[in-house]
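Right, one structure below, let's go through it.
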Ligand SMILES: Nc1nc2c(ncn2[C@@H]2O[C@H](COP(=O)(O)OP(=O)(O)OP(=O)(O)O)[C@@H](O)[C@H]2O)c(=O)[nH]1
Ligand SMILES: Nc1nc2c(ncn2[C@@H]2O[C@H](COP(=O)(O)OP(=O)(O)OP(=O)(O)O)[C@@H](O)[C@H]2O)c(=O)[nH]1
Ligand SMILES: [Mg+2]
Ligand SMILES: [Mg+2]
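Protein chains in written order, with our numbering: chain P, 520 to 791; chain U, 13 to 302.
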């Protein structure tokens with residue numbers, strides 16, 4: 520759509536459709552186009568102006584920073600299958616490449632072979648794994664992990680949690696408990712609560728973000744599977760309505776397939 | 013609700029008992045927004061609405077005393093029909109062994125559904141064999157072995173690549189007298205040509221009677237793109253709609269059925285092997301309409 524030229528009604532309609540197809544949502548798509556039309560100058564490229572408007576949503580967006588505690592603690596949460604465990608593997612690799620030591624806590628004690636999956640990622644990244652086996656109490660693993668990380672002087676502890684639908688209150692309560700245990704064991708607040716959102720998710724992603732933010736105060740989003748055809752447009756509403764920034768982007772299944780979020784390139788790809 | 017919004021639309025413009033086509037268009041605009049909010053793909057919405065419009069502009073609706081209700085009924089009927097119409101129970105072809113291949117994008121619920129389907133068929137007197145042909149994702153094989161152990165269904169994963177695993181599994185099934193073979197595969201994107209090629213090769217060597225695609229019910233606009241691509245690349249027989257125990261409206265269900273004409277056979281309603289239900293088109297229609 521970035522071809523410059525005339526801004527006809529058809530052009531604006533195409534751009535609105537592109538935003539809808541990117542999962543921005545019909546009301547937000549129409550609002551963005553209306554705003555852009557008002558300030559639009561005839562010499563500009565309509566698509567570029569829309570992209571600029573989209574990128575502006577993330578102005579003041581907190582960038583990804585490795586937490587500086589001893590250990591810095593990152594808790595990873597989200598609904599089932601979004602890419603939490605894989606993202607943790609990638610993040611561990613990224614931190615290791617920066618020369619930091621990493622511990623991983625296998626607080627997903629529910630899912631079949633979750634421990635083995637995280638163990639593989641720990642080995643690949645050169646991170647230390649704290650696990651207690653399937654069926655253990657997630658809070659107990661979390662507590663153990665903080666103690667072990669402190670004893671080893673680990674720089675960053677990343678906590679994997681089981682996927683859970685936000686509609687299941689007992690599971691959301693369990694998540695709150697894990698966070699409390701981490702903070703009690705560390706003697707200070709968790710540094711980062713990363714919500715992993717799948718880029719293929721539709722409008723339900725906003726409900727997910729709202730519920731997880733209310734439960735455990737999400738500080739950032741990791742948007743995964745951006746190497747597919749989905750555009751991840753739901754993060755605009757997550758940013759606008761909840762103030763939660765996108766910090767990381769997953770671009771594949773390998774341990775190097777993790778990028779720091781860039782609003783400009785995200786916006787251009789959104790309507791490309 | 014959609015009903016009250018329609019009533020408002022029709023009340024405002026109505027004059028002298030005869031409905032104006034403009035009112036129908038305004039009502040359709042409301043439906044369009046509602047369906048997009050429910051994650052139905054844009055092209056599917058436009059197609060769907062043009063069918064509804066043709067029916068709504070008929071004489072019986074235009075002259076009706078309750079046009080709002082008529083239009084709602086048309087929308088609901090069209091939705092239910094596209095989603096599969098009447099609920100059809102899942103029946104296996106009468107061959108031995110029946111081969112079922114599971115496909116879909118990453119994280120959609122394939123491995124879990126393989127276990128659910130195996131348990132379901134075992135309870136119906138079949139002898140299933142689960143095949144762990146995802147050798148790529150860390151601990152995918154272990155995951156299926158663990159699930160198989162929980163439900164008392166044998167699992168096999170014999171071979172250095174997925175194609176060999178599938179071939180060996182078929183041999184094993186005939187040796188062990190298993191009459192249903194369920195093949196779990198790696199999640200993949202249609203834009204990955206190597207992975208789509210592998211999927212086709214897997215299909216070529218295992219000759220599945222059913223290729224089922226798992227579709228996550230919270231999927232947005234991309235559902236139609238995925239369904240179209242998988243249909244083109246490996247020709248699907250039907251779908252499983254997963255994670256409907258969440259609160260996603262589930263418009264992806266309309267996108268995938270409208271795009272492919274294939275039915276949704278099952279709905280996944282939880283994480284445990286027993287959390288499997290038949291798919292009911294009329295219930296899904298109500299859910300999508302909100
Ligand atoms: N293509 C692609 N696949 C990804 C990406 N991130 C994760 N995946 C895949 O998505 C699938 C699910 O990933 P997991 O890490 O198991 O997801 P999870 O959130 O931990 O899942 P649960 O623990 O079951 O809730 C796996 O097949 C991953 O390889 C990504 O950025 N791109
Ligand atoms: N609540 C709920 N969770 C489900 C359902 N089906 C699968 N899950 C969960 O979704 C996550 C992903 O399921 P998997 O079976 O590993 O998905 P997959 O398609 O095999 O994933 P990949 O092999 O990585 O592509 C797991 O946490 C499952 O427990 C369902 O119907 N409801
Ligand atoms: Mg996980
Ligand atoms: Mg799997």
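Here a beta-carbon is modelled for each residue, glycine too, at the ideal position from N, C-alpha and C.
For residue i, does the count of other Cβ atoms within 10 angstroms reach 16, so buried, or fall short, so exposed?
| i | result |
| --- | --- |
| residue 20(U) | exposed |
| residue 791(P) | exposed |
| residue 219(U) | exposed |
| residue 108(U) | exposed |
| residue 722(P) | buried |
| residue 28(U) | Bear in mind that the predicted position of residue 28(U) carries a pLDDT of just 48, short of 50, making it too unreliable to give a figure here. |
| residue 600(P) | buried |
| residue 695(P) | exposed |
| residue 541(P) | buried |
| residue 75(U) | exposed |
| residue 85(U) | exposed |
| residue 10(U) | Because chain U in this structure spans residues 13 to 302, residue 10(U) falls outside the shown range and cannot be described. |
| residue 136(U) | exposed |
| residue 58(U) | exposed |
| residue 545(P) | buried |
| residue 52(U) | buried |
| residue 11(U) | Nothing can be reported for residue 11(U): it is not among the residues displayed for chain U, which extend from 13 to 302. |
| residue 642(P) | exposed |
| residue 539(P) | buried |
| residue 152(U) | buried |
| residue 630(P) | buried |
| residue 78(U) | exposed |
| residue 216(U) | exposed |
| residue 169(U) | buried |
Check the Cβ of residue i against every Cβ in chain P and list those closer than 8 Å, keeping chain order.
| i | result |
| --- | --- |
| residue 273(U) | Residues of chain P passing the Cβ test: none, with the nearest at roughly 21 Å. |
| residue 281(U) | Ordered by position in chain P, no residue passes the 8 Å Cβ test against residue 281(U), which lies about 11 Å from the chain. |
| residue 263(U) | 721 |
| residue 45(U) | 545, 546 |
Anything in chain P within Cβ reach of residue i, meaning under 7 Å, just list it in chain order.
| i | result |
| --- | --- |
| residue 203(U) | 747, 748 |
| residue 252(U) | Per Cβ cutoff of 7 Å: no residues; residue 252(U) is ~14 Å from chain P at best. |
| residue 333(U) | Outside the shown range of chain U, which is 13 to 302, sits residue 333(U), and nothing can be said about it. |
| residue 159(U) | 631 |
| residue 116(U) | Within 7 Å Cβ-Cβ: nothing; residue 116(U) doesn't reach chain P, min ~10 Å. |
| residue 223(U) | Within 7 Å Cβ-Cβ: nothing; residue 223(U) doesn't reach chain P, min ~20 Å. |
| residue 51(U) | 721, 722 |
Taking DSSP's pairing of strands, which residues face residue i in a bridge?
| i | result |
| --- | --- |
| residue 254(U) | 228(U) |
| residue 9(U) | It is not possible to answer for residue 9(U), since the shown part of chain U is limited to 13 through 302. |
| residue 679(P) | 595(P), 625(P) |
| residue 112(U) | 194(U), 222(U) |
| residue 741(P) | 715(P), 767(P) |
| residue 168(U) | 143(U) |
| residue 289(U) | 279(U) |
| residue 647(P) | 622(P) |
| residue 778(P) | 768(P) |
Residues of chain U with a CB under 8 Å from the CB of residue i: which are they?
| i | result |
| --- | --- |
| residue 539(P) | 48, 54, 233 |
| residue 639(P) | 150, 151 |
Whose Cβ in chain U lies nearer than 7 Å to the Cβ of residue i?
| i | result |
| --- | --- |
| residue 635(P) | 151, 154 |
| residue 586(P) | In chain order: nothing, as chain U lies at least about 25 Å away. |
| residue 465(P) | This structure leaves residue 465(P) out entirely; chain P is present only between 520 and 791. |
| residue 776(P) | In chain order: nothing, as chain U lies at least about 12 Å away. |
| residue 542(P) | 232, 233 |
| residue 536(P) | 54 |
Mind pulling the chain P residues with CB within less than 9 Å of residue i?
| i | result |
| --- | --- |
| residue 255(U) | 598, 599, 600, 684 |
| residue 228(U) | 599, 600, 717, 719, 720 |
Could you tell me which chain C residues have their CB closer than 7 Å to the CB of residue i, listed as they occur along the chain?
| i | result |
| --- | --- |
| residue 237(U) | Included in the structure are the protein chains P and U, with no chain C among them. |
Applying a beta-carbon distance threshold of less than 9 Å, which residues of chain U neighbour residue i?
| i | result |
| --- | --- |
| residue 744(P) | 117, 118, 119, 201 |
Can you check the region 685-733 of chain P for any alpha helix (DSSP H) of at least 4 residues that lies completely inside it and give the ranges in chain order? 688-705
Say whether the region 37-53 of chain U touches the region 773-781 of chain P, bearing in mind that this needs 3 or more beta-carbon pairs closer than 8 Å, one atom from each stretch. no
Answer yes if the region 562-579 of chain P comes into contact with the region 670-683 of chain P, meaning at least three C-beta pairs across the two stretches below 8 Å, and no otherwise. no
Is it a yes or a no for the region 709-723 of chain P touching the region 754-766 of chain P, going by three-plus beta-carbon pairs under 8 Å? yes
Threshold first: 4 residues or longer. Then list the alpha helix (DSSP H) segments lying entirely within the region 45-74 of chain U, N to C. 54-68, 71-74
Does the region 173-187 of chain U come into contact with the region 653-663 of chain P, if we say contact requires no fewer than three beta-carbon pairs (one atom in each stretch) closer than 8 Å? no
Indicate whether the contact test is met: 3 or more Cβ pairs, each with one atom in the region 580-590 of chain P and one in the region 658-675 of chain P, closer than 8 Å. yes
Return the chain-ordered ranges of every alpha helix (DSSP H) run that is complete within the region 534-616 of chain P and spans a minimum of 4 residues. 545-558, 565-575, 603-616
Are the region 265-273 of chain U and the region 226-237 of chain U in contact at 8 Å, needing three or more beta carbon pairs? yes
Do three or more CB pairs link the region 745-759 of chain P to the region 601-620 of chain P at distances below 8 Å? no
Three or more beta-carbon pairs under 8 Å between the region 191-205 of chain U and the region 114-129 of chain U, yes or no? yes
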